[in-house]
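Peer 1:
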Amino acid sequence: MLTIDADLQNDPADIPKLLAKADEGYDIVSGWRIKRQDALVMRKLPSKVANWLIGKVTGVAIHDYGCSLKAYHSDVVKNIRLYGELHRFVPAVAASLGVRVAELPVNHRARTAGESKYAGFFKTIQRATKVFLDLLTVRFLLSYSTRPIHVFGVLGLACTTGGVGLGGYLAAQKLLYGAQLADRPLLLLAVLLIMIGVQLVTMGLLGELVVRTYHESQGKTIYAVRSFHGGDDAADD
22 MLTIDADLQN
32 DPADIPKLLA
42 KADEGYDIVS
52 GWRIKRQDAL
62 VMRKLPSKVA
72 NWLIGKVTGV
82 AIHDYGCSLK
92 AYHSDVVKNI
102 RLYGELHRFV
112 PAVAASLGVR
122 VAELPVNHRA
132 RTAGESKYAG
142 FFKTIQRATK
152 VFLDLLTVRF
162 LLSYSTRPIH
172 VFGVLGLACT
182 TGGVGLGGYL
192 AAQKLLYGAQ
202 LADRPLLLLA
212 VLLIMIGVQL
222 VTMGLLGELV
232 VRTYHESQGK
242 TIYAVRSFHG
252 GDDAADD
């Protein structure tokens, strides 16, 4: 499968080059617009920052996540479910399947007709906000989608520990020095932290139940199998 932008800025002449690279055994071949024909401040600089941040967060370093010219192996397309605007992060999402990703320089043409839907300062800020929120979603899916207790539980324990610590400090103040606690903001903060901590841990446990229900009710696995080796019996299994 191959995707290309409809704004005529990608060069169809690069398609054979991407397909040839895919034939070398790569599951995803992404285009890299080295000589990008877009505005520096409103398009190039935000894109460079976003690509660097996405690479750091996901661990899949690609120079140009925004390039629409990409070639995908059919197995990648069949095993990935995209929602919202996660199409920008296909290489990162597919990383959980153990895919092999390559990147090739491609041509990029200046826009000759129409107008980019991201033109303008406010639209650029709006897009950057969406990308950041989607990146948080991808990070959660890649790291904690099958173990939500690890993120909610850690946050919950941290809040509970902080609340108990403040409560112990205030109790010591009351018992040793007879301090008045009714008007102390720290007392409210301690109670609030303990309540939030309990709620976060509970959310983690509920998340574990939801994850198990989701996978077991539909027979979904938390892993992907590229191929079977060992004869017909192994394939039948």
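Its first residue numbered 22, the sequence shown is counted upward by one per residue in this note's numbering.
Think of the CB as a built atom: it goes at the ideal place given N, C-alpha and C, for glycine as much as any other residue.
Keep in mind it's a predicted model, so treat the numbers as computed, not measured.
#1: Hey, out of 35, 26, 132, whose CA is closest to residue 58's CA?
#2: Count the other CB atoms within 10 Å of the CB of residue 223; is the residue buried (16 or more) or exposed (fewer)?
#3: Once DSSP output is grouped into helix, strand and coil, what is the label at residue 60?
#4: Given this structure, state the Cα-to-Cα distance separating residue 96 from residue 50, to the nearest angstrom.
#5: Excluding five sequence neighbours on each side, which residues of the same chain lie with their C-beta closer than 7 Å to the C-beta of residue 151?
#6: Less than 8 Å between the CB of residue 214 and some heavy atom of the ligand FAD, yes or no?
#7: Please return the same chain residues whose Cβ sits closer than 6 Å to the Cβ of residue 163, not counting the five positions on each side in sequence.
#8: For a test of the three-state rule: what should DSSP assign to residue 227, helix, strand or coil?
#9: Assign residue 169 to one of three DSSP states: helix, strand, or coil.
#10: With 16 as the cutoff for other CB atoms within 10 Å, does residue 122 come out buried or exposed?
#11: How about the segment 222-239 and the segment 185-204: do they share at least three Cβ pairs that are nearer than 8 Å?
#12: When DSSP labels each residue in this structure, what does residue 157 get in the three-state scheme?
#13: Would you decide whether residue 182 is buried or exposed? Buried here means 16 or more other CB atoms lie within 10 Å of its CB.
#14: Rounded to the nearest angstrom, what separates residue 179 and residue 167 at their Cα positions?
#15: Since residue 269 sits in a beta bridge, which residues does DSSP pair it with?
#16: Look up residue 218 in the DSSP assignment and say whether it is helix, strand or coil.
#17: Does the separation of the CB atoms of residue 208 and residue 188 fall below 9 Å?
#18: DSSP three-state label for residue 235, please.
#19: Mark residue 37 as exposed unless 16 or more other C-beta atoms lie within 10 angstroms of its C-beta, in which case mark it buried.
#20: To the nearest angstrom, report how far apart residue 53 and residue 176 are at their CA atoms.
#21: Please state if the CB of residue 101 and the CB of residue 115 are separated by a distance shorter than 9 Å.
#22: Looking at residue 127: is its Cβ nearer than 9 Å to the Cβ of residue 32?
#23: May I have the straight-line CA-CA distance separating residue 160 from residue 213, to the nearest angstrom?
Peer 2: This is what the structure gives:
#1: 132
#2: exposed
#3: coil
#4: 14 Å
#5: 106
#6: The ligand content of the structure shown is nil, which means the ligand FAD is not present either.
#7: 117
#8: helix
#9: coil
#10: buried
#11: no
#12: helix
#13: exposed
#14: 21 Å
#15: There is simply no residue 269 to check, as the chain begins at 22 and stops at 258 in what is shown.
#16: helix
#17: yes
#18: helix
#19: exposed
#20: 38 Å
#21: yes
#22: yes
#23: 28 Å
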